[in-house]
Amino acid sequence: MKTHNQKAWFFVLPVLILVAFNALIPMMTVVNYSVQETFGNNQFFWQGLDWFENILNSSRFQAALGRQFLFTGIILAIEIPLGVIIALAMPRKGVWVSVCLVTVALPMLIPWNVVGAMWNIFTLPDIGLLGYFMNHVLGVDYNMTQSPFAAWVTIVAMDVWHWTSLVVLLSYAGLVSIPDAYYQAAKIDGASAFAVFRYIQLPKMKRVLTIAVLLRFMDSFNIYTEVFVLTGGGPGNSTTLLSIDLVKIALGQFDLGPAAAMSLIYFAITLLVSWLFYTLMTRDETK
Amino acid sequence: MLGWMAWTWPTALLFIGIFSAMGILTIIEIRYPGGDERKGVLGLVTTRGDRLFITLLGAVYIHLAWLGFFGMPLWAPIAISIAWGTFAFWKV
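Chains as they are written, first to last, in the numbering used here: chain A, 13 to 299; chain B, 386 to 477.
Right, dumping it as structure tokens:
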């Protein structure tokens, strides 16, 4: 098809300007910071690539990165299957559809810091509902300010509670878009429920699941507020994820150079994993 | 006006390099539209822009890996990155 005019570029212009100001220019500044040292007063001294070398070889960074991958791996392994199962169980016709949808969507409406504060109170050993129940009714020693394991269980539970809804809604959207004819054909062929899932529902949900996995990966890999409010990275360093460590270095210690280098490495990892996910999951369609 | 961005010549050159690469690709795209789409050795369908992205992302990781394992100087990873870029534009 021949292009008749170039007007469309003007419609893209506002987005370009917005992205330039909220992403590109700050990002370029971070690149500039990452090769320099500053003691404040907007004075910078050339440092070369020392920060990158230090960060890559620091055990603190490696530990935080490990915790970050562990966290993201766990929540993806729980949220994606759980979200699909809930979406399959939801009604597709009738009055209950809207009731289910609104109920499921509720956790997503709550701001991140409120989620952290809610779970903080919820898990207090003596007055929180969950904490009291675990300690005084079940008799399980559960205190996330003392035990790293309890802290991990809590942050994973919190994220699953907060974000499985997103996977549910996306999967549900994929499910309702499947025409009835597919199900009728499966019925005539005598397909089992699993076969229907495997050969009709899953392939039809593939696109939305790609988006769900990507969104959940990026969000959980960059998670900060909820975990910070809930555990503050503790006990000790046990829940200090990459973003929490980054903020500690950048704002706590005001080491802008190392923090910039660290955030660029962080960005490179997010970019690569997202690209791999996207490429692998859409590879069949582009053949 | 740009003082707050703390520019240095090496980082400026880096961005000039990236933006001119994108500019050159834009000119090539206007001259020869379609993005030269093909299926490469990795089994991926890529356009020129995809190949530039793969080259740059690969170069980032080559440099980071070298810095992490061996440190300065960076002549070897630069050479590897150029080789990787050539491979990406030629075969991927």
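Think of the CB as a built atom: it goes at the ideal place given N, C-alpha and C, for glycine as much as any other residue.
For this session: Measure the Cβ-Cβ separation of proline 462 of chain B and tryptophan 475 of chain B and say whether it is below 7 Å.
Result: no
For this session: Would you list the one or two residues that DSSP bridges to threonine 431 of chain B?
Result: B:Arg423
Exercise. Mind checking if leucine 121 of chain A is an interface residue toward chain B, Cβ cutoff 7 Å exclusive?
Worked result: no
Exercise. Looking at the structure shown, is threonine 50 of chain A part of a helix, part of a strand, or coil, going by DSSP?
Worked result: strand
Problem set entry | Residue of A:Val172, A:Phe134, A:Met102 minimising C-alpha distance to aspartate 231 of chain A | A:Val172
Problem set entry | Of the listed residues A:Ala198, A:Gly202, A:Asp257, A:Gln213, nearest to isoleucine 190 of chain A (C-alpha basis) | A:Gln213
Exercise. Phenylalanine 266 of chain A bridges to which residues according to DSSP?
Worked result: Note: phenylalanine 266 of chain A sits in no beta bridge, so no partner.
Exercise. Is it true that the CB of threonine 411 of chain B sits closer than 7 Å to the CB of glycine 420 of chain B?
Worked result: no
Exercise. When the cut-off is 7 Å and only beta carbons count, does methionine 407 of chain B lie next to chain A?
Worked result: no
For this session: Determine the closest residue to leucine 182 of chain A out of A:Glu91, A:Phe134, A:Gly106, with distance taken between C-alpha atoms.
Result: A:Glu91
Exercise. Do we get a CB-CB distance below 7 Å when we pair valine 43 of chain A with the residues of chain B?
Worked result: yes
For this session: State whether the region 273-280 of chain A contacts the region 437-456 of chain B, with contact taken as three or more CB pairs (one from each stretch) at a distance under 8 Å.
Result: yes
Exercise. Out of curiosity, what's the CA-to-CA distance linking valine 31 of chain A and aspartate 153 of chain A?
Worked result: 49 Å
Problem set entry | Test: glutamate 49 of chain A CB closer than 7 Å to a CB of chain B | no
Problem set entry | For phenylalanine 57 of chain A, the three-state DSSP class (helix, strand or coil) | strand
Exercise. So, are the CB atoms of glycine 186 of chain A and valine 220 of chain A less than 7 Å apart?
Worked result: yes
Exercise. Going along chain B, which residues have a C-beta under 7 Å from phenylalanine 56 of chain A?
Worked result: Ala391
For this session: Decide if arginine 295 of chain A is buried, meaning its Cβ has at least 16 other Cβ atoms within 10 Å, or exposed.
Result: exposed
Exercise. Just reading off the alpha helix (DSSP H) that proline 458 of chain B is part of, what are its end residues?
Worked result: Careful: proline 458 of chain B lies outside any alpha helix (DSSP H) and carries neither H nor E.
Problem set entry | Proximity of tryptophan 131 of chain A and methionine 156 of chain A at Cβ, strictly below 7 Å | no
Exercise. Of all the CB atoms in chain A, is at least one closer than 7 Å to the CB of glycine 453 of chain B?
Worked result: yes
For this session: Taking the CB atoms as reference points, tell me whether leucine 254 of chain A and leucine 77 of chain A lie closer together than 7 Å.
Result: yes
Problem set entry | Where tyrosine 211 of chain A falls: helix, strand or coil (DSSP) | helix
Exercise. Any chance the region 81-100 of chain A sits against the region 261-280 of chain A, with 3 or more Cβ pairs inside 8 Å?
Worked result: no
For this session: Determine the chain A residues that contact tyrosine 417 of chain B at a beta-carbon separation under 9 Å, and present them in chain order.
Result: Ordered by position in chain A, no residue passes the 9 Å Cβ test against tyrosine 417 of chain B, which lies about 14 Å from the chain.
Exercise. If alanine 163 of chain A and proline 247 of chain A are in contact, beta carbons under 8 Å, what's the gap, nearest whole angstrom?
Worked result: 6 Å
Problem set entry | Contact set for valine 127 of chain A: own chain, Cβ-Cβ below 7 Å, skip 5 residues either direction | Met170, His174, Glu238
Exercise. Using the C-alpha atoms, what's the distance from leucine 227 of chain A back to lysine 218 of chain A?
Worked result: 14 Å
For this session: Leaving aside the five residues before and after threonine 298 of chain A along the sequence, list all residues of the same chain whose C-beta is less than 8 Å from its C-beta, in chain order.
Result: Note on threonine 298 of chain A: pLDDT 49, under 50, position unreliable in the model; the coordinate value appears next. Hits under 8 Å: none found.
For this session: Could you name the residues of the same chain whose beta carbon sits closer than 6 Å to that of leucine 268 of chain A, not counting the 5 residues immediately before and after it, in chain order?
Result: Tyr45, Thr50
Problem set entry | Assigned secondary structure, tryptophan 392 of chain B (DSSP; H/G/I helix, E/B strand, else coil) | coil
For this session: Quick one: list the residues of chain A neighbouring valine 426 of chain B, beta-carbon separation under 7 Å, in chain order.
Result: Ordered by position in chain A, no residue passes the 7 Å Cβ test against valine 426 of chain B, which lies about 14 Å from the chain.
Exercise. For the alpha helix (DSSP H) that tyrosine 184 of chain A lies in, which residues bound it at each end?
Worked result: 160-188
Exercise. Taking isoleucine 439 of chain B as the reference, which of A:Leu118, A:Ile87, A:Trp287 has the closest Cα?
Worked result: A:Trp287
Problem set entry | Distance between phenylalanine 404 of chain B and tryptophan 389 of chain B (C-alpha atoms, nearest Å) | 21 Å
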